[in-house]
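Residue numbers (the working numbering): 220 to 488.
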């Protein structure tokens with residue numbers, strides 16, 4: 220079989236497998252191979268999908284990508300990968316400073332075959348009113364669909380790592396109010412959570428904390444009335460913050476719910 224045809228078939232198979240992943244595993248995030256990169260060295264990062272800060276590496280597919288950008292200082296640059304790239308993000312070099320990598324996916328669809336699966340997801344993500352709203356809309360309790368999209372950011376220090384995170388205009392996103400590589404984090408890392416450019420209050424934030432020995436701890440925080448949360452952090456650990464918006468899907472579409480997943484990854488030196 221010619222190499223090109225073999226490679227294309229492999230990509231098609233991977234793409235088919237990946238369509239089933241969100242039903243089995245939850246979080247999606249950007250995972251740099253190094254969160255602190257020396258001046259002049261390449262920046263490599265994987266797109267990952269899984270649970271408890273462990274999961275599959277995803278190849279780059281343009282048709283699954285709504286937006287892929289980098290920002291350093293005031294400069295925003297679209298990132299264009301090649302079909303099948305693994306790792307999905309490969310940047311030869313960039314100047315010193317805090318690098319913000321942003322990635323948004325095209326919405327995809329999953330089906331809840333049982334009511335219990337939906338209930339478990341809703342409870343896990345801390346939605347107290349979704350079950351009541353589902354019943355009030357007289358929606359089915361099995362074989363109903365949901366669309367989901369991912370809105371992920373990663374903070375990477377290049378050289379001195381100086382700079383600040385900022386709002387990137389994603390549908391939902393975290394913004395770090397301190398630089399995890401240069402600022403004092405003895406009290407924790409302050410963040411704000413946004414949805415459609417506005418502060419998202421009283422929202423659950425799931426925190427995944429990976430230790431140097433790769434063990435992962437999970438704990439919850441909640442944003443306050445200003446959309447603010449203080450995340451306790453430890454030296455030498457890496458972090459994934461995850462928060463989900465659940466809203467009714469547009470009436471013209473078959474899915475009945477739409478979820479939007481915000482993620483932020485960073486490390487603490």
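Where is the CB? At the ideal position from N, CA and C, for every residue including glycine.
If you're wondering where the values come from, they're calculated on a predicted model, not measured in any experiment.
Quick one: give me the first and last residue of the beta strand (DSSP E) that residue i is part of.
| i | result |
| --- | --- |
| residue 522 | Nothing about residue 522 can be reported from this structure: the residues present for the chain run from 220 to 488 only. |
| residue 291 | 284-291 |
| residue 280 | Looking at the DSSP string, residue 280 is not in any beta strand (DSSP E), and its letter there is neither H nor E. |
| residue 269 | 262-270 |
| residue 325 | Premise fails: residue 325 is in no beta strand (DSSP E) and is neither H nor E. |
| residue 250 | 246-251 |
| residue 409 | 408-414 |
Name the residue from the options whose alpha carbon lies nearest to the alpha carbon of residue i.
| i | options | result |
| --- | --- | --- |
| residue 285 | 294, 292 and 300 | 300 |
| residue 266 | 488, 482 and 487 | 482 |
| residue 477 | 305, 254 and 327 | 327 |
| residue 249 | 255, 258, 263 and 259 | 263 |
| residue 449 | 253, 410 and 425 | 410 |
| residue 370 | 245, 479 and 258 | 479 |
| residue 455 | 417, 405 and 359 | 405 |
| residue 373 | 383, 273, 408 and 319 | 319 |
| residue 314 | 460, 390 and 256 | 256 |
| residue 280 | 247, 325 and 272 | 325 |
| residue 291 | 425, 418, 433 and 381 | 381 |
Please state whether DSSP places residue i in a helix, a strand or coil.
| i | result |
| --- | --- |
| residue 429 | strand |
| residue 363 | strand |
| residue 486 | strand |
| residue 338 | helix |
| residue 387 | coil |
| residue 395 | strand |
| residue 343 | helix |
| residue 400 | coil |
| residue 316 | strand |
| residue 475 | coil |
Measure the alpha-carbon distance for residue i versus residue j and round it to whole angstroms.
| i | j | result |
| --- | --- | --- |
| residue 468 | residue 443 | 26 Å |
| residue 385 | residue 289 | 12 Å |
| residue 475 | residue 357 | 11 Å |
| residue 363 | residue 321 | 31 Å |
| residue 349 | residue 376 | 39 Å |
What's the call for residue i, buried or exposed, on a 16-neighbour Cβ count within 10 Å?
| i | result |
| --- | --- |
| residue 437 | exposed |
| residue 295 | exposed |
| residue 282 | exposed |
| residue 472 | exposed |
| residue 323 | buried |
| residue 399 | buried |
| residue 352 | exposed |
If I follow the unbroken alpha helix (DSSP H) through residue i, where does it start and stop?
| i | result |
| --- | --- |
| residue 456 | Note, residue 456: premise wrong, no alpha helix (DSSP H); not H, not E. |
| residue 353 | 349-355 |
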